[in-house]
Structure formats: C-alpha cells, structure tokens
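Chains as they are written, first to last, in the numbering used here: chain A, 1 to 461; chain B, 1 to 461.
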C-alpha cells in the first residue's frame, strides 16, 4: 500500500433499528427504536466509549413516499422517529466527548432558527455540535411547508449557498471576548464586539445579530452530503466534512481528488475538509459468520418492500405481476433519474439477476458501500480507501442496531487500532479537536487584531 | 377565606441569572448563566426534587431592542442565551418527572417544525413536554425573518389560531395503536391508522402526516400567554395552561372568570385550563430579611438600564437630562401603548415618585406580581388568589438564580405543604398527570370506537 500516516475519522450513523431495510424485523431489533430514548442513550454511550469522532443523524421533514403498502411495512423513510435536534440535545446531556452531528435542510427552514439551534447545541455540549447541511429534493417534504412540489435543483443550491452564508455570519455575531460580565461597572458586553449582520439577499433578509454568544467551537462543524456539481462546489467552499456514497475505490479516489481540488480556488487547504463516505460493514469472526449475519437480514426483506424499492429506483415501473424468481422484464424508459435506472438495469443484466436477487442487492445498504467479512478484511478495505486518498474516514452505517455497532466496536476497532489507524483515547474535547479542524476566524476579525490571521476564509492554511 | 380544596400548580420560570433586571450583578449570580448548561442542570434538578409541576422557558427569536447602551448593560432581553427547545431536550435527559415547557412563536415558525419538535421532546421525556404558544410583537424578531416590521396584532392572532389548529392536527397523525411492529408478518404500522391532514388555510398549506408517532401525552400540553381579547379567545378555545401577569387580586379574579367563562362556548370544561399567573417572590425568614434581599437587588439597578426601561414604557421619552432624584417631568403624549404610559404616570404622580424611585418600582419584576415577605406572608398571598379563583397555581419567577429558587423551595414550599396546598411527591409521570389535564382525543377518533368519547373538543367534560 502507498504511504499515508494517521488515523481514520469515524462517525456512527445512527438509524432507529439500523440501516438495513429489514433490520426492524430481526429478533434482536427493538422495533420501537425510533421513539425509544433509552435505545439512543445506549448507542451514543457505546460510540463514545469506543472513541468515535461523532454520531450522525439524518433527517427528513416529512415521510418519504406515498406508497402506503411499502411505508407500512418499513421502519425507514422517516415514517415515525425522533427529530434530530431534540434528540442530539438530549444525547448531549448524557455524553461528554463525542461529536453530535444533525441534519437540517436549507430548503424549508429559516437560517436564523438553524444558526441559533446549532449554536445553542454547541454551548450545551461544550463544543461538540455539527450541522449537516442538506437540500430537500422530496415533494413529500415540500408539501408540509406550503409548496406543491420541491424546489428546482439549481434553486435549491442557490438557496443553500445563501443560507450557509447567513448562518455563518450569524455565528459571528459576537466576538470571542465580547462578554465582559463586569458586575462592578455594570457592563455585560462590549457593544463594539457585537455585530449586526444586515444580510439582504435573493432568498433571505436577516438583520441579526444572533442572540447566542459565539459558541465553544467558534462555529459548529459544517457537514455536507451533496455529490452533484452544485453540491461539490458548495462543499468545496463551505463544508468541513463531506458524507458521501461511493461504491468503488476508483469512484472514491476520483470524488476525493475532485472536491479537494476545488478548494484552493476558495482559499482553503485540503486538510480543512474531511471526506467520510458511508459504509455498511457486516462483520463476523469468520467470513462464513459474516455472510450468515448478512443472509439473515436479507432473508427478512419483505417482497412488497423490495419490489417497491426497485420500482422507485426505476421510475415507478410495477414489477409485482412478474415472478420474483424470474428475470427482470424489459423496462420502459421513464423520466426517473437516468443514471440510477441505467445502473440498476445494467447490474441486473450483467449478473443475470432475478427480481428477488436484484432487490436483495440494493435494498440492504440503500446505495451505500457494503462490506461483509472478517475484521481483517473490513480493516483492509477501509485502510485501502484511506491510503489511496479515497477517504479521510468513514461514516459507519450499522446494518442492525445495536448488534452491528457493537460488532464493529468489538471486532473491527481493535484491528484498526493494532494498525495505528484509530485512536484509543480522545485527545481533545471538541468535535473540531477530534476531526483536526481549525477554529474558524470571525468574518469581523481584522488582520490588525493579530488574533485571527484570515478575515473571511475560515480554513485557509 | 372561602373554601377551595386542592393543590396549587407551580411552575419554575427559569431565566439565566433570574428575573430581576439587575440579578446578574449580584455577587451570587453566575454572570455566564445564559450559556452555562451546568447552571440549568442544577436549577432543573432542584425544581424536580421540590416537585414543581414544570419548568418554563420564555423565548425571543432575536434580541429585544436596539439601544446598545441599555442592552450592553443587561443580561436580559434575549441578548445571548440558550435556545429553549435544545435546552429543554437536554434537560429532559437529566430529569425524570418534571414538566418541560418551552416557548415558540407562531409568527416566524412553520407548524410542521413546531409540531415535530414538541412531539419529539414528548417522546424523549416520556410525556413531559409543553408548548407555550406565543405571537411575536417585536420588529426586532421580524427583521430576522425577512419582515421589515412585525405583523399586525389581528393578523398575528389569526395566524396563531390556524397554526395551533395545524399543530394539533399533525399531533393526531397516528392513532395510539397505529404501530403493530409485527416482525413475523412484516407489518410495521396499520396504514388505516395514519392520517393525512391535508390542511389548506389562509396562512398554511400542510399536507402531513407528521413523521413522529402519537406522543406519550397524546398531545404535548399547550400553554398560552396572551391577555388581549384575541389572546383570551384563543386561550379559551385551545390553551390548557395560561401564563399571565396580574398585579392585584381583583384583576386576577376578573381575568380568571373572563377566560374560564368563555370556555363553555368551545365545549370545554373550566378545569381543562389551568391559570397560572407569574409571581416574583422574595422571601426571608423575617420581613426585614426579605426586604434586605430585595433592596440589595434594587440597589444594583444601573441608572442607564432603569432610565431606558422607563423610556421604553413611556414611548421613547429621554429622561437622562433630568435629575434622578427629582420628580418625573411632564411627559408628552406619544403613540406608545396608552395604557402603559398612563399607568406609569399615574403611579408616579399618585406616590410622588422620583425618577429613580419610578424605575426601581418597575424594573425589578418587569410588570409581574412581586411579593416581598416571610414564608407565611407569601403563602397567604398565593393562597388568597387560589381560594378566590384568581389562579389555579403560579409560574414562580425567581428574582435571582439559584438563590431565590432555593429560598422558595426551602421556605415557602414547606409552608404550602403544611397547609395542604402543594404535593410532597409526584403522583403521576407526565405533565398532564401533574396538572390534572385529561389526555386529548384524536380528531380522527369516532364515537363508535368507544375509546374516545369526544371527537373534536379534546377536553370537554
């Protein structure tokens, strides 16, 4: 392997019963996990004891999809679970060191609310908050906020760009040393160190200042997930962590080089952004044990759910009249995402998959990188991506919770530690410390201050 | 005293360093309380150990006011403190029984987000969440959300009315027994027990359903604070707790009768709404000790802050050129709230107050009922309001935190308990249990079910 020193960064991407679509049906699953706080306490404390950089929560402001037959047979698609900001805030109180990253969409929120909630979470947690900035592409979410369809892709990203800028400006409302709290003179803060943003833009007019003191990390860590052209540009300009889906080493290396290559134009050093693809590892002491665990989950996939997922990915084509163990029929061209449809059909043709085999192939990890093997095999695969600059770390997506998280902690982490690839103790206290990210300067800091070297580009080297 | 049996309901209204405008300057105050989670943990656990019904957090989505000289000398006016939903969620994790009521405005929020966050908090806390529904009258908040001035009063209340209706509908998205979670059949929920709201109104189009299961209390408890005509009507129709400000027994009794009298028209029993006025008790073992505590706080009021408060209440008239210990000058008529201005001037004239005396009179409790005395005197005053049907309980506003809360717990609560007016143990587990509020029926429940007697009016007797 090529030389690349250092530790992987690891996130624990929590999802009620686990990321596998059928996880809730497993005998070990708590089927009510989506509204069991005790379940999340157990997961967060286990991830913290294992020294993960962060826990990660996805989000959707609405159920994804309308197909009642499909939805009623899955615990996925945001049918019914905790809202991430409330859940992370509660978990902040029962953890001490692990980072807390929550998703919130720029499409149906107001930047003042988002800036305020994540700054508040950063204070509550002593500097462990991260915001995963996403745009919403689901009309099911849009309809909960007065829109009949979702915003066009370009508009979503223009809005996201301005949203991120407003949030970052609001986080700079108070200088680090604005609060004097001098009881004898009666001066609570220095008005010269409090800044009115007065933003007027295409999407938002936001006066500010934010009514939260500058937060322990300066700014909560900004995470992004977009892999489109607009998404990569936004990430290169503003993200500090990217959560992405890459199936192959080649794709991962190309994506990594692409995004990091864009950063110089924005005055940023590549190390100020950590790329952490999602991975669903299913680990056993032997290959056979790993395979058996995987097969057990796969066998639980309800054909209704599997067919609905294939149908969604092929633009709505109904396969329910065809035999499950027969070949995929000719699919008509639809206006669904061409790349996804092509990918699916090519996969099925190339490997001669039956309908059941196809849905089993895609339903498990839902498009993410899936690894089934021994601790050494999984560590090899992760390390390979890391040393070839395909990843700075991984967002671990346990298939079944808590089992798969515990397996990863008990089997894979010791292997990664033996190889010098993962920490045994936290060295710092904040999420920025864990990720090796610099504290951002305030946009109001001037070079003359001598305190902040760079006025606007927070992460320039 | 007239006969009225039963316990008072008590809220602990937490405010960073306490409600007295000068509390942060007191030697016992933690001047950084607004961003000290440890401070709030201590307060919440003390209130829970004392068996308060609930803790209560106010809110403003922006700093109140523009006067930098005033603001920079006060820890009030939402200059910089935790956001309530994040803070309450965190406190949920370190408490077990006490209710958690947070304020969120209907003026600059979306009902889907509010319904979701409070339902999520209700799940996290095992049924202890309450939402204090307010409208925002501050243009300083409006400007953080794209408006140049705040909404007109009538529009605010029309919006609030529709907002409350949408939130309540979203909370009914899933029936109590919608989740089957039947691993063997693969049925996660019963689609017939999940309801699409499909709300289309003047202010909001919200399709639903909410992506949170029906919460432990059915609905989080709805609290309101409005005392205007529109506010009282909204409360009579939808509120379960009212937080109000009443200075005199007569005013309190009149307000109580007025609001409760409106409820029958909405098919509600008066007991399904608890009226809990704010009170700032300053208690000492002797009258002299109580007075000394109060005087100590009063002496800390910065003249700049005191004058600014008088100026705000008299419509912006600048008194800084007049001697502090001289009389109030003739004030010109302004377009400020006439009733407040009249009240202030009448008070000053009637009692021959100097400028300093006037600001000391109003700056402490900021318009709320203020009691300075021994435990017996304070218990007498509270009990008098209770037995005369001026209150069902009180939202206790500690002047200085944690001292005034601890004084109330150590001195007043034992006196109230001796009189049989306050619980020694929690009897139930939820906020509804503590307040004696029935669990609301779902709007989708039919009489034929036999499970819910009343289809739409949740609290009818």
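For each residue, glycine too, the CB sits at the ideal point set by N, CA and C. Since the structure is predicted, the reported quantities are computational estimates derived from the model, not experimental observations.
- Note that the C-beta distance between residue 171/A and residue 219/A is below 8 angstroms.
- Here residue 243/B is bridged, per DSSP, to 276/B.
- Residue 415/B counts as buried, since no fewer than 16 other beta carbons sit within 10 angstroms of its beta carbon.
- The three-state secondary structure of residue 387/B, taken from DSSP, is helix.
- Note that the region 217-232 of chain A does not touch the region 192-209 of chain A; fewer than 3 beta-carbon pairs, one per stretch, sit closer than 8 angstroms.
- For residue 233/B, the CB contacts under 7 angstroms within the same chain, skipping 5 residues up- and downstream, are 262 in chain order.
- DSSP places residue 81/A outside both helix and strand once states are collapsed to three, so it counts as coil.
- Residue 11/B: member of the beta strand (DSSP E) spanning 9-14, first to last residue.
- The beta carbon of residue 116/A sits closer than 8 angstroms to some beta carbon of chain B.
- By the Cβ criterion, the region 394-408 of chain B is not in contact with the region 171-191 of chain B, since fewer than three pairs of Cβ atoms, one from each stretch, lie closer than 8 angstroms.
- One alpha carbon belongs to residue 207/A, the other to residue 167/A, and they sit about 12 angstroms apart.
- Here residue 245/B is near residue 368/B, since their CB atoms are less than 8 angstroms apart.
- Per DSSP, residue 131/A is one residue of the beta strand (DSSP E) stretching across 129-134.
- Of all residues in the region 197-212 of chain A, only 204, 205, 206, 207, 208, 209, 211 and 212 place a beta-carbon less than 7 angstroms from a beta-carbon of chain B.
- Taking C-beta separations shorter than 6 angstroms and ignoring five residues to either side along the sequence, the partners of residue 214/B in its chain run 174 and 176, following chain order.
- Taking 8 angstroms as the CB threshold, residue 320/B stays off the interface with chain A.
- Sixteen is the threshold: since fewer than 16 other Cβ atoms of the shown chains lie within 10 Å of the Cβ of residue 248/A, the residue is exposed.
- Residue burial is scored here from C-beta neighbours: residue 217/B has at least 16 other C-beta atoms within 10 angstroms and is therefore classed as buried.
- Taken in chain order, the members of the region 51-65 of chain B whose beta-carbon sits within less than 8 angstroms of a beta-carbon on chain A are 60, 61, 62 and 63.
- For the beta strand (DSSP E) assignment, the uninterrupted runs of no fewer than 3 residues enclosed by the region 200-247 of chain A are, from N- to C-terminal side, 221-224 and 241-244.
- When 7 angstroms is used as the limit between beta carbons, residue 144/B is near these residues of chain A: 112, 206, 207 and 208, in chain order.
- The contact set of residue 79/A on chain B, defined by CB atoms closer than 8 angstroms, consists of 188, 189 and 211 in chain order.
- Secondary structure of residue 444/A (DSSP, three-state): coil.
- Annotation for residue 41/B: 91 and 94 place their beta carbon closer than 8 angstroms to its own, counting only its chain and skipping 5 residues before and after.
- Counted as a single uninterrupted DSSP element, the stretch harbouring residue 34/A is not any alpha helix (DSSP H), since DSSP gives it neither H nor E.
- Beta-bridge pairing by DSSP links residue 103/A to 132/A.
- Note on geometry: alpha-carbon atoms of residue 425/A and residue 51/A lie some 6 angstroms from one another.
- Inclusion of residue 33/B and residue 106/B in the CB contact set at 8 angstroms is not warranted, their separation being larger than that value.
- The residue among 254/A, 235/A and 109/A with its C-alpha nearest the C-alpha of residue 85/A is 109/A.
- Counted as a single uninterrupted DSSP element, the stretch harbouring residue 436/B is not any beta strand (DSSP E), since DSSP gives it neither H nor E.
- Residue 144/A carries a helical assignment under DSSP once its states are collapsed to helix, strand and coil.
- The DSSP-derived three-state label of residue 394/B is strand.
- As a beta-bridge residue in DSSP terms, residue 174/A pairs with 194/A.
- Annotation for residue 417/B: 424 place their beta carbon closer than 7 angstroms to its own, counting only its chain and skipping 5 residues before and after.
- Within chain A, no C-beta atom comes nearer than 9 angstroms to that of residue 346/B; the closest sits roughly 30 angstroms away.
- Here residue 257/A has 389 as same chain residues with Cβ atoms under 8 angstroms from its own Cβ, once five neighbours each way along the sequence are excluded.
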